[in-house]
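One structure is given below, encoded as structure tokens.
Number of protein chains: 2
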Amino acid sequence: MTSGRVTIADVARRAGVSTAAVSKVVRGAYGVSAEMQAKVTQAIDELGYRPHAAARALRGRTYTLGVMLSDTRNPFFPDIIEGVTGRLGDTEYQVLLGPGGIEPKTQARMIDAMIDRSMDGLILISPVMTDAELAAIATATPVVVVGRHGGAAAYDAVVDDDVMGAGLVVDHLVGLGHTRIAHITHLERARAQGLPHTVRAEGYRQAMRAHGLADDVLATSFTEEGGFEGARELLARDDRPTAIFAGADIAALGVLRAADEAGLSVPEDLSVAGYDNIGIASLKRISLTSVDQDGHVIGATAARLLVERIEERTRSVTSSVSPTLIVRGTTGPPRL
Amino acid sequence: MTSGRVTIADVARRAGVSTAAVSKVVRGAYGVSAEMQAKVTQAIDELGYRPHAAARALRGRTYTLGVMLSDTRNPFFPDIIEGVTGRLGDTEYQVLLGPGGIEPKTQARMIDAMIDRSMDGLILISPVMTDAELAAIATATPVVVVGRHGGAAAYDAVVDDDVMGAGLVVDHLVGLGHTRIAHITHLERARAQGLPHTVRAEGYRQAMRAHGLADDVLATSFTEEGGFEGARELLARDDRPTAIFAGADIAALGVLRAADEAGLSVPEDLSVAGYDNIGIASLKRISLTSVDQDGHVIGATAARLLVERIEERTRSVTSSVSPTLIVRGTTGPPRL
DNA sequence: GGTATTGTGTAGAACGTTCTCCATTGTTAG
DNA sequence: CTAACAATGGAGAACGTTCTACACAATACC
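Sequences listed follow chains G and B, in order. Per the numbering used here, the first sequence starts with residue 368, numbered consecutively. Per the numbering used here, the second sequence starts with residue 368, numbered consecutively.
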């Protein structure tokens, strides 16, 4: 019950001091003697006092950071969360997640809700909205955006270096002797730019060019079905590719199914690589070569930037996290 | 900026009424004329007023519900969230998720944090703590517990009927002609009881007994490796089972790998079934027969119970959600 | 025509903090 | 010895709501 809650006044009474003094001790503010510190701390422990966040919010901080999730099914979202909470574990901050859904409207509603609850700062994961809207939010509260390339005027950003990730895959495949390497990407109906799949496709093109090879991009969708359809089309060609690089693991799984059905053995007849290194990629039965984003580092970095910005920093920062290639059983030299 | 925030006083000034009147309109309280309603609503729209949740919290509701997640990697947790938010989509309530981690200590800290932020009610997903602790929390704030069988004195509960789910699998396998059906469960070092895997194992035993068959339970762990090891042991026996029912899909994937390595074809030589119906179970390349919990319904039910309890109800309710069997390619008649 | 009753609006005290002064010490400098 | 100053503690006004109590008017009842 709220009525039974221990308040700062209870502590003050117990310790025989003013509420202002207790507040100072709680906040670690300047102007507290060692004796006062001891008295108050003891009273707090005895009563089991915990500051009431809502009351705090009316004047100062809430020590609450919000993470807006665009898609709870995103396979590496748990890693990001772990990175964030891990980084914040020994601080006073608490993390709350807001399921924003995939629609711009619901995401905006969630962000408003978080601001209304006076969170001290926001981490937005792959938010779908215009840069202008983002900037407007960022002027109202400290913001770190994760997973959007490009414009970071009023806010900080953490991105995976998708160009590099795509390059790692191409380099790996070329190193194995492949020359006909196709890429399956996601078809987006306009809207936001700087989205990961676009950047991955661009990275793929750049890397192919660097090796003097012709690129071959097919846009379907980042679903198992999308990977399947894309692969079926690619494998039906006369000079079918010897390797397919899917821009997402889930699509790569579809590619594997298409290979199965076409009677092609992996990796002898066809090498397959994905992106994201989702959990099941490591299952021995799948063993998919993939690019790992290290959500841990991404989350931890986002948390660090946000706290920095809340507490001091004013100019904005963009941090790029380098992915790593995890080579597994689905890639190998092409059969000659 | 907080300083730039539109407050109830701004609205009152604009509409030429008192703040109390505006408050009534906002809350939809009794005692407001149509004219007042219109004036205030217009002022709210013009100014873009949104109530400040923290200020509200000091007196009344925050219209915030907290969902404590024990494990963000839990495969059907996104479904539960969707169920919860879907149910609450057209109400005033907002849902925030609290990553509690798997340790009792971190979970307790998260729950405290949610209470400190004066959430109106809490949904706890598979909380790891004693019934006494749970009861203590439930007296402080309305609580709905998801995924724990048994004791529901001070709080409401939503559970999957795991006994029924296990029965569905056994019935299905027996119907196909299997008689030697083994079950792989999770080995827990004491602690909480009424956990899903225990109940599933019990449901399996009951069902086998009902069919007059001997049960055969092996406890490893609910991991890919656990499923693999368990299956290897089971398949090495003289009278090896013709079907293995793993208590979780992730373990079933390990069983499939063991079958591969033993050169057994599925389902001809070995039928495999899992539980949870995780996303990849439906991939054609896996096509795992599994029990689906319908996280949607579980989440929606939890949300409904919580709101009911916040707004009126006092006696506690336990709701059991019936699972369904999804038959796919990994189960079939045993080879004679 | 007086008394209930109902409907509508407002005043103002909470709610639990933070934080800006201000008061009181004790210490140091001259 | 006094003025200046640092260190410490406290008073009390915010912060933006809700909600109880009350005022007033209009209507209904006898």
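Beta carbons are placed, not taken as given, at the ideal position from N, Cα and C, and that holds for glycine. Predicted model only: the values in this text are computed from it and were never measured.
- Burial is judged here by how many other beta carbons sit within 10 angstroms of a residue's own beta carbon; G395(B) has fewer than 16 and is exposed.
- Residues of the stretch 584 to 615 of chain G that bring their beta carbon within less than 9 Å of a beta carbon in chain B comprise E591, F595, in sequence order.
- Listed in chain order, the positions of the stretch 532 to 554 of chain B with a beta carbon within less than 7 Å of a beta carbon of chain G would be empty, since no residue qualifies.
- When CB distances to chain B are screened at a threshold of 9 Å, the residues of the stretch 461 to 490 of chain G falling below it are Q461, V462, L463, L464, G465, P466, G468, T473, R476, M477, D479, A480, M481, I482, D483, R484, S485, in chain order.
- Under the Cβ criterion of 8 Å, T698(G) is not counted among the residues facing chain B.
- As summarised for the stretch 445 to 504 of chain G, the continuous alpha helix (DSSP H) elements at least 4 residues long and confined to that stretch are 471 to 483, given in chain order.
- Of the residues assessed, I469(G) falls on the exposed side of the cut-off, its CB having fewer than 16 other CB atoms within 10 angstroms.
- Counting C-beta atoms within 10 angstroms of its own C-beta, K472(B) has fewer than 16 neighbours from the protein chains shown and is therefore classed as exposed.
- G433(B) is bridged by DSSP to L463(B), L489(B).
- Any Cβ of chain G closer than 8 Å to the Cβ of D377(B) would place that residue at the interface, and such an atom is absent.
- Taken in chain order, the complete beta strand (DSSP E) segments of 3 or more residues contained in the stretch 579 to 627 of chain G are 584 to 587, 610 to 613.
- 8 Å or more divides the Cβ of S649(B) from the Cβ of D616(B).
- D529(G) sits in a helix when the DSSP states are folded into three classes.
- Beta-bridge pairing by DSSP links D523(G) to V511(G).
- Leaving aside the five residues that flank G593(B) on each side, the residues in its chain whose CB is nearer than 7 Å to its CB run, in chain order, T587, A618, G621.
- The beta carbon of D582(G) sits closer than 6 Å to those of R572, M575, all from its chain and outside the five residues before and after it, given in chain order.
- In the DSSP assignment, A424(G) falls within the unbroken alpha helix (DSSP H) covering 420 to 426.
- Straight through space, the alpha carbons of V664(B) and A401(G) are spaced by roughly 56 Å.
- In the structure shown, D659(G) adopts extended strand secondary structure according to DSSP, grouped into three states.
- For S638(G), the uninterrupted beta strand (DSSP E) run begins and ends at 638 to 640, by DSSP.
- Close to T452(G), with beta-carbon spacing below 9 Å, are these residues of chain B in chain order: P466, G468, T473.
- Identification of chain G residues near H419(B) by a Cβ-Cβ cut-off of 9 Å yields A424, L425, D483, R484, S485, ordered along the chain.
- Taking a Cβ-Cβ cut-off of 8 Å, the neighbours of T429(B) in chain G comprise A421, R484, given in sequence order.
- Remark: C-beta atoms of D627(G) and R652(B) approach each other more closely than 8 Å.
- If you check each beta-carbon in the stretch 672 to 684 of chain B against every beta-carbon of chain G, none falls closer than 7 Å.
- If you check each beta-carbon in the stretch 637 to 668 of chain B against every beta-carbon of chain G, the ones closer than 7 Å belong to I647, L650, K651, R652.
- Taking a beta-carbon distance threshold of 8 Å, L703(B) does not count as an interface residue toward chain G.
- Around the beta-carbon of A520(B), fewer than 16 other beta-carbon atoms lie within 10 Å, marking it exposed.
- The three-state reading of DSSP puts H545(B) in coil, since its state is none of H, G, I, E or B.
- The three-state reading of DSSP puts L703(B) in coil, since its state is none of H, G, I, E or B.
- 8 Å or more divides the Cβ of K391(B) from the Cβ of G383(B).
- Look at the beta carbons and you see the stretch 628 to 648 of chain B not touching the stretch 419 to 432 of chain B: under three pairs across the two are nearer than 8 Å.
- At a beta-carbon threshold of 8 Å, the residues of chain G lying near L623(B) are R652, ordered along the chain.
- Residues of chain B with a Cβ closer than 7 Å to the Cβ of R440(G) are, in chain order, P445.
- Put simply, the backbone Cα of G579(G) is about 11 Å away from that of V541(G).
- For T691(B), the enclosing beta strand (DSSP E) begins and ends at 691 to 693.
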